[in-house]
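Have a look at the structure below, then the notes.
In our numbering, the protein residues as written are 1072 to 1473.
Written out as structure tokens, the structure reads:
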């Protein structure tokens, strides 16, 4: 065991494991006890022992071998790294249920009585090695709770695994906000069929716009009418799918950017085009001067300004993903089979949800008051990892005999 690791067991300023446990779902012991992970085990059958050991691996970032050694040193559990890996592989359903329980508290949205605002995004992560499996996380972020309300893991390639709003269950009056990667007819149509509404950044190459008579909508005329920075306008349009799906009525909402933002957008567009060895279209270059949204939101409830202000909330999901990756260290999957990688991912998502809950309750716990770090992820995670590592080595030392 390294000196740094050993120091975690002699610090006397960290407590709070009981507070950590209090942030778990009320029925977490029943969920863990009823999972397949503990079935057939002859020792270390306690739900708390199992979760504590897995948190050493998932939350503290120790390898399986380090976790095994630290758990034994702290008197938490006595099992080999191979046995720990087997338990991890069996824990997928357990972490799914725990995450589901964490989501339950976000179902009721008191601030939006008629609508549920959801920020949608996705990301791809890869296991280490040249041939490591790539996974795609489909993630939904609920406002105003500022917490995850749904996530889904799929392989990065293959049928039904692509990024899209179709990956999410839609309820009546859901509002789905997403970037231009979700700007496709199938995405918007899926939400409309589910009784929800969508608002996405327009992608000129993926979603042609049409007039009511089926002719192409000339968005350049709308652009010309918005000559000054901050001017905005809208038009009623239709988007077309296959003959089976027909046309979907939408609104195109536009606001002109300032010169600096437009220049950055054009520079980025040209850079991306150069990487792909293509030439940007005139329409794409012209669209860099504007923020263009396509939405199915009803105009009687959401006017033009409301739509534009609503979409500004979408940037927050980018911050969530950064925090998610930082907290969960999810940039590289340290597993080499699909079952263990999936369990690891769900476990990391559970860690992220736990940290979100802990950070929102910092002021209630005495160990946290000295660390006012709800926005300081490194300090917060240092304190949490200290609690997870420290408990058992010191807290249980008085119970050891011999």
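We treat Cβ as the ideally placed atom computed from N, Cα and C, and that holds for glycine.
Please identify the residue among 1288, 1328, 1429 whose C-alpha is closest to the C-alpha of residue 1303. Taking the first residue of the chain shown as position 1, residue 1303 is located at position 232. Here the closest residue by C-alpha is 1328.
Give the secondary structure of residue 1322 by DSSP, where H, G and I count as helix, E and B as strand, and everything else as coil. Stepping through the chain shown from its first residue, residue 1322 is reached at position 251. Reduced to three states, the DSSP call for residue 1322 is strand.
With DSSP as the reference, please indicate the residues paired to residue 1098 in a beta bridge. Translated into positions along the chain shown, residue 1098 becomes position 27. Residue 1098 pairs with nothing; no bridge assigned.
Okay, do the region 1244-1260 and the region 1324-1342 touch, 3+ Cβ pairs below 8 Å being the bar? no
Helix, strand or coil at residue 1281 according to DSSP, with G and I counted as helix: Along the chain shown, read from residue 1 onward, the residue named residue 1281 stands at position 210. Residue 1281: strand per DSSP, three-state reduction.
Just mark residue 1467 as buried or exposed, buried being the case when its beta carbon has 16 or more other beta carbons within 10 Å. Working through the chain shown from its first residue, we reach residue 1467 at position 396. Because the pLDDT of residue 1467 is 43, which lies under 50, any placement of that residue in the model is unreliable, and the number read from its coordinates should be weighed accordingly. Burial call: exposed.
Could you round the C-beta distance between residue 1253 and residue 1234 to whole angstroms and report it? I think they count as a contact, below 8 Å. On the chain shown, residue 1253 is found 182 positions in, with the first residue counted as 1. On the chain shown, residue 1234 is found 163 positions in, with the first residue counted as 1. Residue 1253 to residue 1234, Cβ: 7 Å. Contact.
Can you name, in chain order, every residue of its own chain whose Cβ lies under 7 Å from the Cβ of residue 1147, other than the five neighbours on each side? Within the chain shown, residue 1147 is the residue found at index 76, counting from 1. Cβ neighbours of residue 1147 beyond the five flanking positions: 1120, 1123, 1124, 1463.
With respect to the alpha helix (DSSP H) encompassing residue 1261, which residues constitute its N-terminal and C-terminal limits? As a working mapping, residue 1261 is identified with position 190 in the chain shown. Where residue 1261 is concerned, the enclosing alpha helix (DSSP H) stretches over 1256-1264.
Taking its Cβ as the centre, do 16 or more other Cβ atoms sit within 10 Å of residue 1200, making it buried, or is it exposed? On the chain shown, residue 1200 is found 129 positions in, with the first residue counted as 1. Classification of residue 1200: exposed, given that the 10 Å Cβ count is below 16.
Alpha carbon of residue 1445 to alpha carbon of residue 1284, nearest angstrom: Position 374 of the chain shown, counted from the first residue, corresponds to residue 1445. Position 213 of the chain shown, counted from the first residue, corresponds to residue 1284. Interpretation of residue 1445 is limited by its pLDDT of 42, a score under 50 that renders its predicted location unreliable; the figure taken from the coordinates is listed afterwards. Approximately 53 Å, taken between the alpha carbons.
Tell me the DSSP secondary structure of residue 1359 in three-state form. Here residue 1359 corresponds to residue number 288 of the chain shown, with the count starting at 1. Correct three-state label for residue 1359: coil.
With DSSP collapsed to three states, give me the class of residue 1426. The residue given as residue 1426 occupies position 355 in the chain shown. In the structure shown, residue 1426 sits in a helix (DSSP, three-state: H, G or I).
State yes or no: is the C-beta of residue 1270 within less than 8 Å of the C-beta of residue 1378? For the purposes of this step, residue 1270 is taken as the residue at position 199 of the chain shown. For the purposes of this step, residue 1378 is taken as the residue at position 307 of the chain shown. Taking 8 Å as the cut-off, the Cβ atoms of residue 1270 and residue 1378 count as close.
Suppose contacts are defined by Cβ-Cβ distances below 8 Å. Is residue 1414 in contact with residue 1166 by that definition? Mapped onto the chain shown, residue 1414 falls at position 343. Mapped onto the chain shown, residue 1166 falls at position 95. Yes, the Cβ-Cβ distance between residue 1414 and residue 1166 is below 8 Å.
Residue 1234 by DSSP, collapsed to three states: which one? Residue 1234 sits at position 163 when you count from the first residue of the chain shown. Residue 1234: coil per DSSP, three-state reduction.
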